[in-house]
Each structure stands twice: as C-alpha cells, then as structure tokens.
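Going by UniProt numbering, the sequence shown opens with residue 1, and the numbers climb by one from there.
Glycine residues also receive a C-beta, built at the ideal position from the N, C-alpha and C atoms.
A quick note: this is a predicted structure, and the numbers were derived from the prediction, not measured.
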Amino acid sequence: MMYVVANRVPVAEGWEEEFETRFRRRSGQVEHQQGFVSMEVMRPKSPDAPWIVLTRWESEEAFRNWIGSEDFKEAHRNPLPKEAFRGEGRLEQHEVLISAYREAP
C-alpha cells in the first residue's frame with residue numbers, strides 16, 4: 001500500500017523565493033532513497049494557505065528509513081530562520097486507500 005506524507009509549511013511573506021530556491025537546490029537527493037516514489041512541492045494560490053511538500057513512498061518503512069538517513073540530516077542541516085514561517089508546520093501521513101488515474105489516449 002502506498003504511503004503519502006504531506007508537510008504543510010506556512011511560509012512567511014517575503015520568504016517565498018528563498019523557500020522555493022532551497023527546494024530547487026536541495027541536497028538530500030530524496031529521489032535516490034530506497035522506496036521513494038515521488039515528490040511535489042506545491043505553491044499556494046492564496047497568501048494564507050501553506051506550501052505543501054507531498055512525498056509518496058512504497059511503504060511507511062521506506063519513509064522512516066529516509067528520515068533516519070544521513071541524506072535527510074544533510075537536507076535539513078541549515079534550516080531557514082524562524083521568521084521565515086508564519087507558525088508551526090504540520091506533517092500529515094496517510095496510507096492510500098483508493099487511486100484513480102486517467103488512462104492515456
């Protein structure tokens with residue numbers, strides 16, 4: 001069963017570009033982790049909504065292995081300052097129950 005993690009990040013006004021740049025230059029190379037499926041960084045359309053970093057994993061164990069890895073520690077070694085955020089983020093974890101995709105023509 002697919003495992004999905006949504007990290008909701010309330011980025012403060014004026015810090016959006018730096019937040020985006022850090023993901024573009026990320027050093028953790030999550031895509032090389034065993035059990036990693038995909039990652040999406042989603043920019044909010046309204047100023048009061050959080051950014052969402054959505055990752056998909058083959059299993060919860062694969063996700064746990066990632067957060068315990070040296071690559072994870074390296075990726076989070078130099079965080080943005082507290083003023084870059086409008087409050088605490090929130091990590092949500094889910095198991096995929098149903099998936100639907102459009103078939104290719």
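Item: Segments assigned alpha helix (DSSP H), at least 4 residues, entirely inside the UniProt domain "ABM" (3 to 91); Value: 16 to 24, 60 to 67 and 70 to 75
Item: Closest by C-alpha distance to residue 3, when choosing among 100, 35 and 10; Value: 35
Item: At least 3 beta-carbon pairs within less than 8 Å: the stretch 78 to 88 vs the stretch 53 to 62; Value: no
Item: Identified DSSP bridge partners for residue 95; Value: 3
Item: Segment contact flag, the stretch 35 to 51 with the stretch 62 to 73, C-beta cutoff 8 Å, min 3 pairs; Value: yes
Item: Assigned exposure category for residue 96 - 16 Cβ within 10 Å defines buried; Value: exposed
Item: Sub-7 Å separation of residue 50 and residue 9 beta-carbons; Value: yes
Item: Residue 12 and residue 102 closer than 7 Å at C-beta; Value: no
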